[in-house]
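Engineer: First, the structure itself, so that you have it in front of you.
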Amino acid sequence: MSQLLKKKIFPILSILILVFLLGVFFSSTKSAKSFSEIIYNFDEDEVIEESFFENKSNSDYWWLRSGGELTIENGIGKTIQGDLQENSYWKERYSKTNPRDTDNGENPQNIFRILTRKSWTNTEQRVYFYISKINKSESIYRNESNGIHLFNRYIDSNNLYYTGIRVDGTAVIKKKQNGIYYTMAQNAVFKNNNPYSRDANPSLLPAHLWIGIRGEVNTNKDGTVSIKMYLDRNKTGNWVLVAEALDDGINYGGPVISKSGRGGIRTDFLDIFFDNYKFGIIQTNQTNQKVINN
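For what it's worth, the working numbering labels the leading residue of the sequence shown as 149, then goes sequentially.
Shown next, in the form of structure tokens:
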């Protein structure tokens with residue numbers, strides 16, 4: 149090959165390679181940042197398995213920390229329903245690792261904990277749930293503080309904000325800082341002629357009814373953190389503010405939780421169905437939604 153031809157071809161090849169590499173870079177960058185909201189519709193049947201490590205999760209979007217399985221079928225997600233069979237892997241495992249809270253392994257769903265694999269800071273999160281069964285476990289940890297809660301700014305299991313409703317019928321906002329819980333707001337939303345009783349009246353939450361809970365967490369210009377919780381009874385689309393709180397970095401265990409964190413769901417001693425989960429940046433543009441049909 150003549151020197152003249154080499155001088156002409158090599159610069160052209162270099163430019164083409166550079167263009168290709170830049171294209172790959174910007175394409176991957178765009179795909180990683182192209183959405184600021186996840187809508188999870190539970191449309192495609194699958195089973196998400198519990199895993200100790202996030203990188204072992206069989207879902208691109210969820211990390212199931214405890215509870216055994218999340219089954220997705222017929223357009224909804226659901227915890228384990230009823231007692232596990234004797235030959236179940238999860239029954240055998242939980243009978244050894246946590247028999248106290250799972251009825252000797254029969255009900256791992258008693259301690260259902262699932263996290264998003266995506267993290268944001270100022271977020272809105274919501275889910276609709278349907279209680280199919282209340283599990284009257286003998287666990288000493290079955291009490292009035294149990295219920296259905298959203299994880300907000302989840303840094304780790306000892307540092308996060310909770311928004312949810314408890315089996316005693318109250319809406320609650322909590323902060324967990326260095327492993328210690330601080331109640332920031334608590335209001336009665338479901339009332340009954342009979343008060344909560346562990347044995348006689350173990351839940352004031354309506355069963356066999358779709359209910360939505362929504363949490364918003366936002367850092368203000370002065371560094372404080374505003375937290376709001378909304379409720380949608382009977383899946384009407386009518387969201388009502390039921391609790392709000394302000395973390396000033398002083399009154400609730402010290403500094404605010406300011407870092408971006410995961411979302412997620414916690415349920416206690418209940419068999420639950422889920423639908424229409426959403427997690428994303430507050431006031432996100434509709435065009436930036438990531439709709440997940442599974």
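The beta carbon of each residue, even a glycine, is placed where N, CA and C say it ideally should be.
Because the structure is a prediction, the values reported are computed rather than measured.
(1) With DSSP as the reference, identify every bridge partner of R346, one or two as the case may be.
(2) Would you report the Cα separation of W211 and I398, rounded to the nearest angstrom?
(3) Using DSSP's beta-bridge definition, name the partner residues of Y278.
(4) Just to confirm my understanding: we take T367, look at its own chain, exclude 5 residues before and 5 after, and list those with CB closer than 7 Å. What are they?
(5) When the Cα of E286 is compared with those of F200, H297, P343, D347, which residue comes out closest?
(6) Which partner residues of E197 appear in the DSSP bridge assignment?
(7) Can you tell which of G401, Y400, I359 has the C-alpha that lies nearest to the C-alpha of N386?
(8) Taking the DSSP output, what are the residues bridged to Q325?
(9) Helix, strand or coil for Y309 per DSSP?
(10) Helix, strand or coil for K178, going by three-state DSSP, please let me know.
(11) Where does R248 fall in DSSP's three states?
(12) Would the segment 220 to 233 count as touching the segment 419 to 429 if we require 3 or more Cβ pairs under 8 Å?
Structural biologist: Let's see:
(1) Answer is none; R346 lacks a bridge partner.
(2) Cα-Cα distance, rounded: 32 Å.
(3) DSSP lists W358, F421 as partners of Y278.
(4) Contacts found: T269, N270, V373, S406.
(5) Nearest C-alpha to E286: D347.
(6) Under DSSP, E197 shares a beta bridge with E217.
(7) From the listed residues G401, Y400, I359, the smallest Cα separation to N386 is found for I359.
(8) DSSP lists I328 as the bridge partner or partners of Q325.
(9) In the three-state scheme derived from DSSP, where H, G and I count as helix and E and B as strand, Y309 is classed as strand.
(10) For K178, the pLDDT reaches just 30, beneath the cut-off of 50, and the residue's location in the model is therefore unreliable, leaving the point undetermined.
(11) Judged by DSSP in its simplified three-state form, R248 adopts coil rather than helix or strand.
(12) In the pairwise beta carbon analysis, the segment 220 to 233 is classified as touching the segment 419 to 429: at least three pairs are separated by under 8 Å.
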